[in-house]
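Accompanying notes for the structure given below.
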Amino acid sequence: MGKNNLFIQRRFQVQPDQEHERVHFIGSLYIAYYFYVENQLYVSKYALCMKITKTMAELKNLQNK
535 MGKNNLFIQR RFQVQPDQEH ERVHFIGSLY IAYYFYVENQ LYVSKYALCM KITKTMAELK
595 NLQNK
């Protein structure tokens with residue numbers, strides 16, 4: 535039986551937008567599963583990305599709660 539591998543990578547990024555007074559929160563999740571069948575490599579890949587944008591006023595309001 536061959537070797538199986540699971541690869542997971544998470545990324546989180548904050549992008550301020552000074553011009554429009556807002557902030558973008560971007561989160562990404564990458565999952566890949568590598569496996570062998572009869573000595574041949576197969577890869578299953580999945581990706582999920584989410585972007586949330588908040589204005590500076592919304593962020594200040596959240597801080598006050």
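If you want the numbering used here, it's the position in the sequence shown, counting the first as 1, plus 534.
Glycine is no exception: its CB is placed at the ideal position from the N, C-alpha and C atoms.
Keep in mind that this is a model prediction, so the values were computed, not measured.
Proximal residues to residue i (C-beta, below 6 Å), its chain only, five neighbours per side dropped
i              : result
isoleucine 565 : Ile542, Tyr580
lysine 588     : Val557
glutamine 549  : His558
isoleucine 560 : Gln547, Lys585
Residues that residue i bridges to, as DSSP identifies them
i             : result
leucine 593   : Answer by DSSP bridge pairing: none, since leucine 593 is not bridged.
glutamine 549 : His558
Nearest-angstrom Cα separation, counted from residue j out to residue i
i              : j              : result
methionine 590 : methionine 584 : 19 Å
glutamine 552  : isoleucine 586 : 16 Å
glutamate 555  : valine 577     : 42 Å
tyrosine 568   : glutamine 574  : 10 Å
Beta-carbon contacts of residue i that lie in its chain and below 7 Å, excluding the five residues immediately before and after
i           : result
leucine 593 : Val557
Residue i versus the options, residue with shortest Cα-Cα distance
i            : options                : result
arginine 613 : Tyr568, Asn573, Leu582 : Here the chain has residues from 535 to 599 only, and residue 613 is not among them.
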